[in-house]
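What follows is one structure encoded as structure tokens, with my remarks underneath.
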Amino acid sequence: MSTELDEAISEAAQLIGKTESLVRVVLSGSRRAMSPVATRIDIRPVLIKSNLVLQVASNDGRQTQTKNYDIGALNVAELLASGFSNILIEQTSGSHSLKITKKDRPLIHRHSGEKEQILTHDRAKNRLLDPRDPFLREVGISDKDGVVKPSRQDKYRQVEEFLRLLAPTLKSAIEAGHVPIPSKKSPLVIVDLGCGNAYLTFAVHQYLRSIGIDVEMVGIDIRSESRRRNEEISSKLGINSSIHFRAEEISNASIDRVDVVMGLHACDTATDDAIAWAVERDAKLLFIAPCCHHDLQTQLVETPDPWQIIARHGLLKERFADLLTDALRAHILKLVGYRTEVIEFVGGEHTPRNLLIRAVKTGAAPDESDRFRYQELISLWKIKPALATRLLDDE
Ligand SMILES: C[S@@+](CC[C@H](N)C(=O)[O-])C[C@H]1O[C@@H](n2cnc3c(N)ncnc32)[C@H](O)[C@@H]1O
């Protein structure tokens, strides 16, 4: 190594050693004929129980592993010399960037400007998914530096919110024996029906793997462009052995074994197709976020007394039809042996489609009163929900 480069690296190591003013460090790229220990490393000082430590997040192009080092315990000079071509050091007074050229020449740029040092561990802890996860960059939620784009904040929040709903439900379903314990030999099979651009499909895959759950994900979408795009991303990320995409109709999705079904924002009765598909394959857990509703809108022709109070207002009638559709979906799931809840998916300020039906297969037979109520409601309104046509042919 040239003396000039030696000096540049040791200057960078010294700057990183000044933890009182260090904001963050990003190591990326690789020098000619060298293989650094990771694709990208992010370092920042954080306070854990009043102790200042260096939090090191190493990403190998597939996932991120985070480790905390006591000050002085991390061999920074060795890490910097291991083959990274870009070293960015941000301090409270500005930034220092060292770029190492193909000919091993150091190019140094300094910029002054105040930056805030944030030592809280919470920010990272509150997030289930690291914004630097390469899949977020590939699907366009994060930028090349691993920062969530301002225009994609809602999408990121939705992804996080979904993982927050999925994780505890899955954990309790496994503990209660409703879902078999996943293993390498028999991974948890999750099918995402109507996956579209697969933000949530990738997020679930990455998150479950990061917490040590063996998973096989399948994303189904009628559009072949979605399959092509999603497959390209999964190949690029090197995760295509455990995440697959198919261009198929939900109702004909050709998968035999499934544990968990996601059906998020599949249009109109595609949601009913997704629920029916899951029930017919004996899926143990369902996460269904309905999208637009047209099925019952058109069936609510005669309004029984005293419901004119609502139905004479077009807007209220429309909303009522949406509620009726989802209430009946949840109830039909109950009739076929699922414990069902309707919960808020993500606050209404982020998306109007904010309802989630969460169902766990218990196999419990429904009460007669549940059947009776269902019959009474559909007779009163003279309706037949699309889901009933698919699942309750005799009712
Ligand atoms: C609004 S997007 C939702 C995408 C994703 N689930 C999400 O929440 O971000 C609905 C997707 O469902 C797909 N879709 C709608 N009806 C379908 C059907 N019957 N079979 C397969 N895919 C369908 C569409 O092509 C579209 O990509």
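Numbering (the working numbering), first residue to last: 189 to 583. Just so you know, even glycine gets a beta-carbon here, dropped at the ideal spot from N, CA and C.
- Partner residues in the beta bridge of Phe475, as assigned by DSSP, are Met450, Arg546.
- Per DSSP, the beta-bridge partners of Ile378 are Met405, Val448.
- Of Pro492, Arg507, His501, Ile497, the smallest CA-CA separation from His481 is found for Arg507.
- Taking a contact to require three or more Cβ pairs closer than 8 angstroms, the stretch 287–298 and the stretch 312–330 do not qualify as touching.
- In chain order, the residues that have a beta carbon nearer than 7 angstroms to some heavy atom of ligand 1 are Asp380, Leu381, Gly382, Cys383, Gly384, Asn385, Tyr387, Leu388, Ile408, Asp409, Ile410, Arg411, Ser414, Glu436, Glu437, Ile438, Ser439, Leu452, His453, Ala454, Cys455, Ala458, Asp461, Ala477, Cys479.
- Under the three-state reduction of DSSP, Gln496 is assigned to helix.
- With respect to the C-alpha of Thr486, the residue from Ile571, Ala269, Ile275 having the closest C-alpha is Ile571.
- Contact between Val534 and Val446 does not hold, since their C-beta atoms are separated by about 25 angstroms, which reaches or exceeds 8 angstroms.
- One thing to note: Leu579 has its Cβ within 8 angstroms of the Cβ of Val467.
- DSSP, reduced to helix, strand and coil, places Phe508 within a helical segment of the structure shown.
- 8 angstroms or more divides the Cβ of Thr308 from the Cβ of Leu242.
- In the three-state DSSP reduction, Ile296 falls in the strand class (E or B).
- By the CB criterion at 8 angstroms, Pro368 and Asp402 fall outside the cutoff.
- In terms of Cβ geometry, Leu381 and Ala441 form a close pair [threshold 8 angstroms].
- Shortest Cα-Cα distance from Ser209 to any of Pro478, Val392, Arg469, Glu304 involves Glu304.
- The way I'd put it, the stretch 459–473 doesn't touch the stretch 488–505; fewer than three beta-carbon pairs between them come closer than 8 angstroms.
- Val406 and Ile431 have their C-alpha atoms roughly 6 angstroms apart.
- Counting along the chain, Asp558 sits inside the alpha helix (DSSP H) bounded by residues 556–569.
- For the pair Glu302 and Arg212, the CB atoms are not nearer than the 8 angstroms cut-off.
- Counting along the chain, the unbroken alpha helix (DSSP H) around Asp483 starts and ends at 483–487.
- By the criterion of a C-beta distance shorter than 6 angstroms, Thr528 is surrounded in its chain by Ala518, Leu521, Lys522, Ala547, once the five residues flanking it on both sides are discounted.
- About 16 angstroms separates the beta carbon of Pro573 from that of Leu474, a gap too long to meet the 8 angstroms contact definition.
- Close CB contacts of Phe350 within its chain, under the 6 angstroms cut and outside five residues either way in sequence, are with Leu388 (chain order).
- With 16 or more other Cβ atoms from the protein chains shown falling within 10 Å of its own Cβ, Ala226 counts as buried.
- Straight-line measurement puts the Cα of Arg320 at about 12 angstroms from the Cα of Tyr344.
- In the DSSP assignment, Phe390 falls within the unbroken alpha helix (DSSP H) covering 387–398.
- Boundaries of the alpha helix (DSSP H) around Phe323: 322–326.
- With contacts defined by Cβ atoms closer than 8 angstroms, Val449 and Ala462 form a contacting pair.
- Checking the DSSP bridge columns, you'll see Tyr526 partnered with Lys549.
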